[in-house]
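Under the working numbering, the residues of the sequence shown are numbered 268 to 694, in order. Just so it is clear, CB atoms sit at the ideal spot from N, CA and C, and this is done for glycine as well.
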Amino acid sequence: MSDKAILEYGGGRYEFPVIKGTEDELAIDIKTLRAATGMVTLDPGYKNTGSCESEITFLDGEKGVLRYRGYSIEDLAEKADFLEVAYLLIFGELPNKEQLEKFHNDIKEESQVDEEMKKILDGFPKSAHPMGVLSSLTSALVAFNPSCVDVSSELAMYNSIVRILAKFPVLVAWTMRKKKGLPLDYGDDSLGYVENIHKMMFKRPNQEYKRDSIAIDALDKLLILHADHEQNCSTSTVRIVGSSHAGLFASLSAGISALWGPLHGGANQAVLEMLEAIEADGGDTKKYMAKAKDKNDPFRLMGFGHRVYKNFDPRAKIIKKSADEVLGSLGIDDPILDIAKGLEKEALEDKYFVDRKLYPNVDFYSGIIYRALGIPTEMFTVMFALGRLPGWIAQWREMRLRKEPIGRPRQVYIGETLRSFVPLEKR
Ligand code: SDX
């Protein structure tokens, strides 16, 4: 196959290199397009546009394949833990025992959050959405860690990374406890990374912390499954904010805001609210399927469809199986799970969904597990952000180390052409 693409237009003939990725993906390199032709491309939502070359995550939407640094999501979810996966995504290799131990110890060293941060948290009303609180607290962290990342120093980069991996879970736990009116809990360095997150979130002030293995293992798996997903909306946001050389924490804060949207990470909360509405409506899934297909109705079947996956989202398969296991182990019989399964079955047999290749995505079943673990619905997207943190860090680090240019797309102007100014008295 030729390694050149030809564009013929207006009597001109232009050649552009075709590049091939390690998984045989092909791309037309149009870096010289405007200089050669005076034209730009137009691609709202970047459905056909690659923003970068990356070594971190590969996914094949047609085949439902997802790999982090070459390892399948199925293997990692089954055999690794979240801290190992975070190390893999960020530094490119699975850590050996010593590397993992040092990584965890370095994170523990940074796990204190300045007491002054509590004043910012206290400034929010209890009704504040946790994603808005988390994005603000993450941005506020810059004030307490003013040194922007000196990317020319691997040590400065490493220190910034372990700092945010240490403090972000504290902010997540504090955000939830504030909403629940609970005193803010500090971590316990003797615990595992995810075990400590569970402790900070759930330890009751008047009781000893009791390790809940089922919950911790479920949480660990969910965090792995959310850890990265190539150039999705929030990751692209982290990259483009970071491309202006804004610091890591500021870029992450922007990514949290992008993830908040119900079309993106906010979908896991919207799915649970949809399932609860269906339950309240007597379990009438057919009514909601009709709404989802009605072009005049803005309602969408939340947790269904995906920009890239035109087959099953592999994460959804794993989470669906885990939901059965977790609820079974906890002895929870949640009618919402049955409604979700009924909805999935109907959609997979419905022409509208089949024709549009709309399958359950990562958000469809995850909230059922979060709910079983006692996590409030409004915190579901915060849990998505906690999982996605290492992916955002990895992508930001890659973008900076590769010295990518500042992101600045072009446009096609369709507004007014030049016209003369009309004084106020004549308008
Ligand atoms: C995430 O990109 C990532 O990787 C994201 C993510 C990650 O890990 O970072 O995977 C996480 O964000 C998962 C997606 C969570 N969002 C939802 O579950 C919200 C519901 N789904 C959608 O709104 C939608 O499917 C998107 C936003 C996910 C994808 O939208 P696209 O790719 O822009 O597709 P589209 O809106 O152009 O839809 C194509 C057709 C349209 O119908 P027609 O105009 O062709 O007739 O499918 C229809 C849409 O109306 N459609 C749906 C639908 N999703 C698409 N119809 C009903 N219900 C839906 N959920």
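- Message: Are the CB atoms of Glu341 and Pro657 within a distance shorter than 9 Å?
- Response: In the sequence shown, residue 657 corresponds to position 390, counting from 1. In the sequence shown, residue 341 corresponds to position 74, counting from 1. No, these two residues do not count as a Cβ contact at 9 Å.
- So is Pro627 in contact with chain B if we call contact Cβ pairs under 9 Å? This model lacks chain B altogether, as it is built from one protein chain only.
- Message: Looking at the ligand SDX, does it come within less than 8 Å of Ser501, judged from the CB to the closest heavy atom?
- Response: In the sequence shown, the residue the question calls residue 501 occupies position 234. Under cutoff, so the answer is yes.
- Answer yes or no: do Leu492 and Ser633 have a C-beta to C-beta separation smaller than 9 Å? Along the sequence shown, read from residue 1 onward, the residue named residue 492 stands at position 225. Along the sequence shown, read from residue 1 onward, the residue named residue 633 stands at position 366. Annotated as proximal: Leu492 and Ser633, with beta-carbon spacing under 9 Å.
- Using the Cα positions of Gly278 and Thr304, report the straight-line distance between them to the nearest angstrom. The sequence position of residue 278 within the sequence shown is 11, counting from 1. The sequence position of residue 304 within the sequence shown is 37, counting from 1. The alpha-carbon atoms of Gly278 and Thr304 are separated by roughly 11 Å.
- Task: Kindly indicate which residue of Thr684, Asn473, Pro672, Ile323 has the alpha-carbon position closest to the one of Leu729.
- Result: The displayed coordinates of the chain run from 268 to 694. Any statement about residue 729 would go beyond what the structure contains.
- What do you reckon, are the CB atoms on Ser501 and Gly532 nearer than 9 Å? If you number the sequence shown from 1, residue 501 lands on position 234. If you number the sequence shown from 1, residue 532 lands on position 265. Cβ atoms of Ser501 and Gly532: closer than 9 Å.
- Query: Going by the beta-carbon positions, is the gap between Ser406 and Ser520 smaller than 9 Å?
  - Reply: The residue you call residue 406 lines up with position 139 of the sequence shown. The residue you call residue 520 lines up with position 253 of the sequence shown. Closer than 9 Å, so yes.
- Task: Pick helix, strand or coil for Ala482, following the three-state DSSP scheme.
- Result: Numbered from its first residue, the sequence shown carries residue 482 at position 215. Of the three classes helix, strand and coil, the one that applies to Ala482 here is helix, per DSSP.
- Out of Asp605, Leu309, Gly359, Gly514, state which residue places its alpha-carbon closest to the alpha-carbon of Tyr338. Numbered from its first residue, the sequence shown carries residue 338 at position 71. Nearest C-alpha to Tyr338: Gly359.
- Bounding residues of the alpha helix (DSSP H) (the contiguous stretch that carries Ala547): Taking the sequence shown and counting its residues from 1, one reaches residue 547 at position 280. 534-547 is the span of the alpha helix (DSSP H), which, as asked, contains Ala547.
- Based on Cα-Cα distance, which residue from Lys369, Asp296, Leu515 lies nearest to Ala410? The residue given as residue 410 occupies position 143 in the sequence shown. Of Lys369, Asp296, Leu515, the residue nearest in Cα terms is Leu515.
- Are at least three pairs of beta-carbons, each pair with one atom in the region 582-592 and one in the region 545-554, less than 8 Å apart? no
- Message: Suppose the cutoff is 8 Å on Cβ atoms and the five residues either side in sequence are ignored; what does the same chain contact list for Leu216 look like?
- Response: Residue 216 lies beyond the range of the chain shown here (268 to 694); nothing can be said about it.
- Do the region 292-309 and the region 666-680 touch if we need at least three Cβ pairs shorter than 8 Å? Judged by Cβ distances under 8 Å, the region 292-309 makes contact with the region 666-680, as three or more pairs qualify.
- Item | Inter-residue Cα distance where the pair is Asn363 and Trp663 | Residue 363 sits at position 96 when you count from the first residue of the sequence shown. Residue 663 sits at position 396 when you count from the first residue of the sequence shown. Looking at the two C-alpha atoms, the distance is approximately 24 Å.
- Decide if Ile464 is buried, meaning its Cβ has at least 16 other Cβ atoms within 10 Å, or exposed. One-based indexing of the sequence shown puts residue 464 at position 197. Looking at its Cβ environment, which holds 16 or more other Cβ atoms inside 10 Å, Ile464 is buried.
- Please report how far the alpha carbon of Asp456 lies from the alpha carbon of Gln474, in whole angstroms. Position 189 of the sequence shown holds residue 456. Position 207 of the sequence shown holds residue 474. Computed Cα separation, rounded: 18 Å.
- Decide if the region 600-619 is in contact with the region 366-379; the criterion is three or more beta carbon pairs, one per stretch, under 8 Å apart. no
- For the alpha helix (DSSP H) holding Ser411, just list the boundary residues, first then last. Working through the sequence shown from its first residue, we reach residue 411 at position 144. According to the sequence as given, residue 411 is Phe; it is not Ser. 397-411 is the extent of the alpha helix (DSSP H) around Phe411.
- Message: If the criterion is Cβ atoms closer than 9 Å, does the pair Val437 and Met467 meet it?
- Response: Position 170 of the sequence shown, counted from the first residue, corresponds to residue 437. Position 200 of the sequence shown, counted from the first residue, corresponds to residue 467. Contact flag set, yes.
- Message: Is it buried or exposed, Asp630, if we count other Cβ atoms within 10 angstroms and call 16 or more buried?
- Response: The residue given as residue 630 occupies position 363 in the sequence shown. That one is buried.
- Item | N- and C-terminal bounds of the alpha helix (DSSP H) containing Thr552 | Here residue 552 refers to the residue found at position 285 of the sequence shown. 552-560 is the extent of the alpha helix (DSSP H) around Thr552.
- Item | DSSP three-state assignment for Tyr276, whether helix, strand or coil | As a working mapping, residue 276 is identified with position 9 in the sequence shown. Three-state result, Tyr276: strand.
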